[in-house]
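Numbering (the numbering used here), first residue to last: 29 to 336.
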């Protein structure tokens, strides 16, 4: 008698403040520093630990770099790349991606529309010895397994600076993307059982608004939606308020039953506005009514930006 079951791998690792690292999810996306501040070169890093209630909860790290080129013509170019590492229980992956695209704009500060791709290689791995089967005497055939797969993502992004009324000088933006076009299906077998690890394509959508206020303050509203076949649509809504030029706070919620709180500081390493460093901390807690209590999630992030 043979049994089988499947493990459905999550979409891109969940992390808060996706607007600060939007290029990881949407290769055509521009962040606040590029759209508003004119800092076309940006670098970022993030460390996230989810579900502290579990010993083997997800841990995600990534670093990224982005650059947009515009010489005053009606078109510009998007360059960048990121490295990402994720571990969830016995499974994990490490990936390296490059990013390239183009956008139409007379001046990126006032608006544009872009299309971009990212592509790279991802090593998926399963620590077979950490998997617990229904029959404690059963063992998986073979050793820990890893596979190297190519992956590809595509994104569309548009933004515009408004004028007049309450939204004078505000930037609005929106985009859609499929960051993992290629699927994955890894199969494992035991003497009596088998299982597979699958990843499916996810569709991401985002929209938001940056509203500048007096005295170098601003208000940001952002929304994210994630769709995957056979799964409920996830929606996130967040608000961030920069109270002074050196400090911000934020809060948000998700249709999955999670709340998010964040805070951070902004520094200017050279003493002027040509370069800026943002350091942020985010806390998330899930109030889901099903399954065990997963506990809280925590994230640290850095963003460094500079003018070209």
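Virtual Cβ for every residue (Gly too), placed ideally from N, Cα, C.
Collapsed DSSP secondary structure at residue 274 in the structure displayed | In the structure shown, residue 274 falls within a coil segment according to DSSP collapsed to helix, strand and coil.
So which of 308, 59, 101, 212 has the shortest CA-CA distance to residue 279?
-> 308
Apply the 10 Å Cβ neighbour rule to residue 83 and answer buried if 16 or more other Cβ atoms are within range, or exposed otherwise.
-> exposed
State the CB to CB distance for the pair residue 148 and residue 123, rounded to an integer number of angstroms; the pair is presumed to be in contact (CB under 8 Å).
-> At roughly 6 Å, the Cβ-Cβ gap stays under 8 Å, so residue 148 and residue 123 are in contact.
The ligand MG heavy atoms versus the CB of residue 186: any closer than 7 Å?
-> For the structure depicted, the ligand MG is absent and the ligand set is empty, with no information on it obtainable.
Determine the closest residue to residue 112 out of 135, 155, 51, with distance taken between C-alpha atoms.
-> Its Cα nearest to that of residue 112, the residue 51 stands out among 135, 155, 51.
Counting pairs of Cβ atoms below 8 Å between the stretch 322-333 and the stretch 75-89, do you hit three or more?
-> Short answer: they touch.
Closest by CA to residue 71, which one among 105, 94, 86, 303?
-> 94
Given residue 61, which residues of its chain have a CB within under 6 Å of its CB, disregarding the five upstream and five downstream residues?
-> 67, 70, 333
Residue 308 - containing beta strand (DSSP E), residue span | 303-314
CA-CA distance, residue 201 and residue 172?
-> Just so you know, the alpha carbons of residue 201 and residue 172 end up roughly 44 Å apart.
Between which two residues does the beta strand (DSSP E) carrying residue 112 extend?
-> According to the DSSP assignment, residue 112 belongs to the beta strand (DSSP E) that extends over 103-116.
Would you list the one or two residues that DSSP bridges to residue 268?
-> 248, 278
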